[in-house]
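One line per chain: the protein sequences are A and B, in this order.
Start counting at 1 in the first sequence, then tack on 857, and there's your number in our numbering.
Start counting at 1 in the second sequence, then tack on 857, and there's your number in our numbering.
Notes follow the structure.
Protein chains: 2
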Amino acid sequence: MSAQLLAVQIDRASPVPLYHQLAEQLSAAVADGTLQPGDPFENEVALSARLQLSRPTVRRAIRELVDQGLLVRRRGVGTHVAGRMVHRRLKLSSLYDDLAREGRDPRTTILEHEIREDERAAIALDLPPDTPLLSIVRVRSAGDSPLAILHNWLPPAYSDLTREDLETSGLYALLRDRGGRPVVAHQSVGARMPTATERRHLKIRGSHPLLTMTRSAFDAGGNAVEFGDHCYRAQDYTVDLMVDER
Amino acid sequence: MSAQLLAVQIDRASPVPLYHQLAEQLSAAVADGTLQPGDPFENEVALSARLQLSRPTVRRAIRELVDQGLLVRRRGVGTHVAGRMVHRRLKLSSLYDDLAREGRDPRTTILEHEIREDERAAIALDLPPDTPLLSIVRVRSAGDSPLAILHNWLPPAYSDLTREDLETSGLYALLRDRGGRPVVAHQSVGARMPTATERRHLKIRGSHPLLTMTRSAFDAGGNAVEFGDHCYRAQDYTVDLMVDER
DNA sequence: GACATCAGAATGTTAGAACAAAGTATTGAC
DNA sequence: GTCAATACTTTGTTCTAACATTCTGATGTC
Chain A
858 MSAQLLAVQI DRASPVPLYH QLAEQLSAAV ADGTLQPGDP FENEVALSAR LQLSRPTVRR
918 AIRELVDQGL LVRRRGVGTH VAGRMVHRRL KLSSLYDDLA REGRDPRTTI LEHEIREDER
978 AAIALDLPPD TPLLSIVRVR SAGDSPLAIL HNWLPPAYSD LTREDLETSG LYALLRDRGG
1038 RPVVAHQSVG ARMPTATERR HLKIRGSHPL LTMTRSAFDA GGNAVEFGDH CYRAQDYTVD
1098 LMVDER
Chain B
858 MSAQLLAVQI DRASPVPLYH QLAEQLSAAV ADGTLQPGDP FENEVALSAR LQLSRPTVRR
918 AIRELVDQGL LVRRRGVGTH VAGRMVHRRL KLSSLYDDLA REGRDPRTTI LEHEIREDER
978 AAIALDLPPD TPLLSIVRVR SAGDSPLAIL HNWLPPAYSD LTREDLETSG LYALLRDRGG
1038 RPVVAHQSVG ARMPTATERR HLKIRGSHPL LTMTRSAFDA GGNAVEFGDH CYRAQDYTVD
1098 LMVDER
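Have a look at this one:
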């Protein structure tokens, strides 16, 4: 029961770390099906000898794949390719990106765009309650069908975003362009009936609920990036997520 | 601007790895407020010299804290304590555990308990569509107030769970006792109006929606552990979660 | 044939060393 | 005084080396 010998090419002149070069190529082998779930993986020592790399380097590459959930390691047994369902694919995406990816023609109508104080939003962003925040209310549609009402508050660092910016692009894309890459978010998802105003904006007829979500997003250093209070037509939208305790 | 010298005790006779002993004590210093967000952290070399540990060992301990989101490292600058909001605290908890922790007297009524085939559940668990699954329907209450209807399907390995087991304990606790520790789950959260039966079981009067959640859970090896289709009274329940892209 | 013992194979832990890269602070020239 | 070059600090990468721990399977005895 010997493992498959994967073809790997290492470029020692490249500025990208050896362990990462290796990790990417191994990762690709799992992704493209060269290695199937359950398949045994070449062991550390053999791999390091074959590729002329030290064991710590190979070990670190394998660790990256284990962290992604692509491989499972057991002491005394070996390393194997994990089942497809445990592969990690996290994303902190926005509705705009999701719709754009599906080719559903995302559109934005801006209802509000002004600097204000808001205690609830400030607290959620771990900022002083009297911090002036840019408050934005948008209706997001796919084609002619309104899907969601998005209320967001941004800290002072981003308060120069214009209405025009927001009409043509998603909020998260704008934040990324400004260097504020959100990597952590606290979300809370619930449901309730819409108000009369919400029914009008979302063109809801009959008895249909809203899916609500609040989100506080932060960058890697813990700086506040955005607080959002969103509501979606529950008929057209679900929140999908992956919980991972490894 | 020198960093605080933390008191750390390392027991080389202990079977617990040195890096983990160190990580736990450093983690505690952040948790109990000895180190505040933004505080500088003693650098790797100094710490390894002071504690008589090798740099790789210290480095691995620090890496553990970085992975938890407790510390932030930047090359050339140093290591600092991260803001409180980016600390990772993941949990794959069940409603029973949540209620018990809050002292809200969780109770369970079993409506169904039988072996059946269910194509949707089997597919969600990455099993053949004709796999016989243990199908369980429960009403979960806090005291006398019904909160949720929980429909779960379990793979054959767990199909010997009895009604009595389920009445006295949470499903996740039972699974853990049997060695099936779920570490990864795919969840989908939505909202809809309740059916007449659901209104009766959950004692819903008036126009109130349900929060729905489906979940497929797997252990570290990728083996199916559970598929659940739950609905909650949206008035009393929200799904809280933390998304993390680090 | 059933069970305990043991060897082998794999990952896990720890150490010591050297150099690379990035950011900060100081120094020096103009 | 301003600005650029330099030195220093700190984390990042890579290697060699040795021993520990855990699981599997083979060996061998009763």
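From the three backbone atoms N, C-alpha and C, an ideal C-beta is built for every residue, glycine too.
Quantities reported herein were computed from a predicted structural model and do not represent experimental measurements.
| message | Could you tell me the alpha carbon to alpha carbon distance between arginine 1057 of chain A and glycine 1047 of chain B, rounded to whole angstroms? | response | 21 Å
| query | In or out: glycine 926 of chain A buried (at least 16 other Cβ within 10 Å) or exposed? | reply | buried
| In chain A, which residues lie less than 8 Å from threonine 1095 of chain B when you measure between Cβ atoms? | Ser1045, Val1046, Gly1047
| task | Give the straight-line distance between the Cα atoms of proline 989 of chain B and methionine 942 of chain A, rounded to the nearest whole angstrom. | result | 20 Å
| said: So, with DSSP's three-state summary, where would you put glutamine 1044 of chain B? | reply: strand
| message | Measuring alpha carbon to alpha carbon, tell me which residue in B:His877, B:Ser1016, B:Leu968, B:Ser1026 is nearest glutamate 974 of chain B. | response | B:Ser1016
| query | With a cut-off of 8 Å, do at least 3 Cβ pairs link the region 904–913 of chain B to the region 952–964 of chain B? | reply | no
| Own chain, CB closer than 8 Å to histidine 877 of chain A, minus 5 neighbours either side, in chain order | Ala918, Glu921
| message | Does the CB of aspartate 1034 of chain B have a neighbour CB from chain A at under 9 Å? | response | no
| task | Taking all protein chains shown into account, decide if threonine 1054 of chain A is buried (16 or more other Cβ within 10 angstroms of its Cβ) or exposed. | result | exposed
| request: State yes or no: is the C-beta of alanine 1077 of chain A within less than 9 Å of the C-beta of arginine 1038 of chain A? | output: yes
| task | Return no unless some Cβ of chain B is closer than 9 Å to the Cβ of alanine 973 of chain A. | result | Strictly speaking, residue 973 of chain A in this sequence is arginine, with alanine absent from that position. By this cut-off, arginine 973 of chain A is not an interface position.
| query | Name the chain B residues that come within less than 7 Å of serine 1064 of chain A, Cβ to Cβ? | reply | Met1050, Ser1064
| field | Within-9 Å CB hit, arginine 907 of chain B to chain A | value | no
| task | Could you check the C-alpha separation between glycine 1063 of chain A and serine 951 of chain A for me, to the nearest Å? | result | 28 Å
| task | At 9 Å on the CB atoms, spell out the chain A contacts of arginine 941 of chain B, in chain order. | result | Asp983, Gly1079
| task | Report the partner residues of methionine 1099 of chain A according to the DSSP bridge assignment. | result | B:His1043
| said: Between the region 1068–1077 of chain A and the region 1075–1089 of chain B, can you find at least three pairs of beta-carbon atoms closer than 8 Å? | reply: no
| DSSP three-state call for threonine 966 of chain A: helix, strand or coil? | strand
| Should leucine 968 of chain B be labelled buried (16 or more other beta-carbon atoms within 10 Å of its own) or exposed? | exposed
| query | Around the C-beta of serine 940 of chain B, are 16 or more other C-beta atoms found within 10 angstroms, so that it is buried, or is it exposed? | reply | A small fix is needed here, since residue 940 of chain B is glycine in this sequence, not serine. The residue is buried, with at least 16 neighbouring Cβ atoms inside 10 Å.
| query | alanine 970 of chain B to leucine 991 of chain B, Cα distance in whole Å? | reply | Checking the sequence shown, residue 970 of chain B turns out to be histidine, not alanine. Between histidine 970 of chain B and leucine 991 of chain B, the C-alpha separation is close to 7 Å.
| request: With 8 Å as the limit, tell me which residues of the region 913–934 of chain B have their beta carbon closer than that to any beta carbon of chain A; keep them in chain order. | output: Gly926, Val929
| Bridge partners - leucine 991 of chain B, DSSP secondary structure assignment | B:Ile972, B:Leu1011
| Which first and last residues belong to the beta strand (DSSP E) in which alanine 1074 of chain A is found? | 1067–1076
| request: Note down the Cα distance separating glutamine 1044 of chain A from valine 1082 of chain A, rounded to an integer number of angstroms. | output: 14 Å
| request: Buried or exposed for alanine 978 of chain B, please, with buried defined as at least 16 other CB atoms from any protein chain shown within 10 angstroms of its CB. | output: buried
| task | With DSSP collapsed to three states, give me the class of alanine 864 of chain A. | result | coil
| request: Inspect the beta-carbon positions of leucine 1007 of chain B and arginine 1020 of chain B and report whether they are closer than 9 Å. | output: no
| request: Determine, using beta carbons only, whether leucine 875 of chain B and arginine 869 of chain B come nearer to each other than 9 Å. | output: yes
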